[in-house]
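Quick note: to get this note's numbering, add 12 to the position in the sequence shown (first position is 1). C-beta atoms are modelled at their ideal positions from N, C-alpha and C, and glycine is treated no differently. Bear in mind the structure is a predicted one, so any value in this text is a computation, not a measurement. Inspection log for the structure reproduced underneath, given as structure tokens.
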Amino acid sequence: MKPKQLPPDDPREWIRRANSNLALSGTVLKDVDFADLCFDAQQAAEKSIKAVFIHRSETFPYTHDIEKLIRLLERNGLKVPKYVQAAKELTRFAHKTRYPGMGKPVTRSEYRRAVRIATAVVRWAEKHIGQS
């Protein structure tokens, strides 16, 4: 059953969608490319960070650049933990590895790290908005 969709200005909707991407990123099937799973991990982290912006009633740029998003949160006075800052490395999965031939193949080790980081970011955002 599809969960009830909330308005786009509700941070819980962004967290719901982040958790959907996170679930997809953990779905390793025989013919699924790690780069595609890492894209979902990146999306989970990005949407979670944007949920924090919404919770704080702050606007965010429409970008996939997680480093840019984190810098803006920090400029706005939020202390972002190091383990969340690690998500900066996921930005490459939104661009270079998204299309064939634009980046190096993603290894199993890189994939596992991406999912670990994305999971940590989603959980941090859930706590930040009081949803855990």
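Cβ shell of residue i (< 8 Å), same chain only, five flanking positions each side left out
i: Gly113; result: none
C-beta atoms of residue i and residue j nearer than 8 Å
i: Ile78; j: Leu102; result: yes
i: Ser32; j: Leu49; result: no
i: Ala106; j: His76; result: yes
i: Pro15; j: Ile141; result: no
Outcome for residue i when other beta-carbon atoms lying within 10 angstroms are tallied against a minimum of 16
i: Val64; result: buried
i: Leu85; result: buried
i: Arg120; result: exposed
i: Arg87; result: exposed
i: Leu41; result: exposed
i: Ser69; result: exposed
i: Val118; result: buried
i: Tyr123; result: buried
i: Gln17; result: exposed
i: Asp21; result: exposed
Nearest-angstrom beta carbon gap, residue j and residue i [assumed within contact, 8 Å]
i: Phe72; j: Lys62; result: 5 Å
i: Val127; j: Ala30; result: At roughly 13 Å, the Cβ-Cβ gap does not stay under 8 Å, so Val127 and Ala30 are not in contact.
6 Å CB neighbourhood of residue i in its chain, flanking five on each side removed
i: Ala99; result: Ala57, Ile78, Ile129, Val133
Same chain, Cβ closer than 7 Å to residue i, neighbours up to 5 away in sequence not counted
i: Thr131; result: Leu34
i: Val92; result: Ile82, Leu85, Glu86
i: Lys108; result: Met114, Gly115
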